[in-house]
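Engineer: Just so you know, we're using our numbering here: the sequence shown kicks off at 6 and counts up by one. Note that beta-carbon positions come from the ideal geometry of N, C-alpha and C, so glycine has one too. Owing to the predicted nature of the structure, the values given are computational and were not obtained by experimental measurement. Dropping a structure here in structure tokens format, bear with me for questions.
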Amino acid sequence: MSADVQHVFREYIRLDRKRQGEALSIAEHERWAVLKRRLNVHFQPDLPSHHADARGSVRVPVRLALHFEGFDELGGSLMTNLSRGGLFIATTSPLPIGERLLLDVVVDDGGRTGPVVAFRARAEVASHDTGADLQGRRRGMGVRFVDVDEVQRKAIDDLYERAAAHAVGIRPRR
Numbered sequence: 006m007s008a009d010v011q012h013v014f015r016e017y018i019r020l021d022r023k024r025q026g027e028a029l030s031i032a033e034h035e036r037w038a039v040l041k042r043r044l045n046v047h048f049q050p051d052l053p054s055h056h057a058d059a060r061g062s063v064r065v066p067v068r069l070a071l072h073f074e075g076f077d078e079l080g081g082s083l084m085t086n087l088s089r090g091g092l093f094i095a096t097t098s099p100l101p102i103g104e105r106l107l108l109d110v111v112v113d114d115g116g117r118t119g120p121v122v123a124f125r126a127r128a129e130v131a132s133h134d135t136g137a138d139l140q141g142r143r144r145g146m147g148v149r150f151v152d153v154d155e156v157q158r159k160a161i162d163d164l165y166e167r168a169a170a171h172a173v174g175i176r177p178r179r
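Shown next, in the form of structure tokens:
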């Protein structure tokens, strides 16, 4: 991973954290938007820029186990990307758009204690991805977090920043 992408990521995260807690100046907001666009191009090069620009934060590629409970539905699946506002669940049986569900996002701590729940949050199905499958089978569903309290927000933000750092090649300090 290039040092340039790591630098862009660090500056983006600094401004994004500030944006979460207080208003950015006009110059900072413009810089944040440029950095967000560069990271979106890096992580999702085929995504049209108008879609990327409309998102509140960069979607970071990540592969984590996820358990969810919806109306009459209990499932386990894989989360394939994460943003501050939601995530994408790979599944061949997505819940209906608008359906509310309870998510348990699971991380492995490297074998010390085994998989643990990184956070639990309520979410709502916002989109389906039907992809290029000729039979129209759905490849997954995008969900947005709803009714998130401060503890959940911190857990989501921490996981988001760790996943983003990992995706650009920044390794955690030991």
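Compare the beta carbon distance of A169 and I31 with 9 angstroms and say whether it is the shorter of the two.
Structural biologist: Result no, Cβ atoms of A169 and I31 do not sit closer than 9 angstroms.
Engineer: Do you know how far the Cα of V112 is from the Cα of E74?
Structural biologist: C-alpha separation (whole angstroms): 18 angstroms.
Engineer: Taking buried to mean at least 16 other C-beta atoms within 10 Å of its own C-beta, is K159 buried or exposed?
Structural biologist: K159 should be labelled exposed.
Engineer: Let's test the definition: count the other Cβ atoms within 10 Å of the Cβ of S88 and tell me whether it reaches 16, buried, or not, exposed.
Structural biologist: Buried is the call here.
Engineer: If you draw a straight line from the C-alpha of F48 to the C-alpha of V156, how long is it?
Structural biologist: Cα-Cα distance, rounded: 28 angstroms.
Engineer: Within 10 angstroms of its Cβ, does P99 collect 16 or more other Cβ (buried), or is it exposed?
Structural biologist: It counts as buried.
Engineer: Ignore the nearest five residues each way along the sequence and tell me which others in M6's own chain have a CB closer than 7 angstroms to its CB.
Structural biologist: With a pLDDT of 49 at M6, under the threshold of 50, the predicted position of this residue should be treated as unreliable, though the coordinate-derived value follows. For M6, where only same-chain residues beyond five positions count, the Cβ hits under 7 angstroms are V173 and G174.
Engineer: Please name the residue or residues paired with R125 in a DSSP beta bridge.
Structural biologist: According to DSSP, R125 bridges with D109.
Engineer: Going by CA-CA distance only, name the one from R167, D163, A128 and I161 that's closest to F150.
Structural biologist: Out of R167, D163, A128 and I161, A128 has the C-alpha closest to the C-alpha of F150.
Engineer: So what does DSSP say about E74, is it helix, strand or coil?
Structural biologist: Of the three classes helix, strand and coil, the one that applies to E74 here is strand, per DSSP.
Engineer: Distance check for D58 and F93, CA to CA, integer angstroms please.
Structural biologist: Between F93 and D58, the C-alpha separation is close to 18 angstroms.
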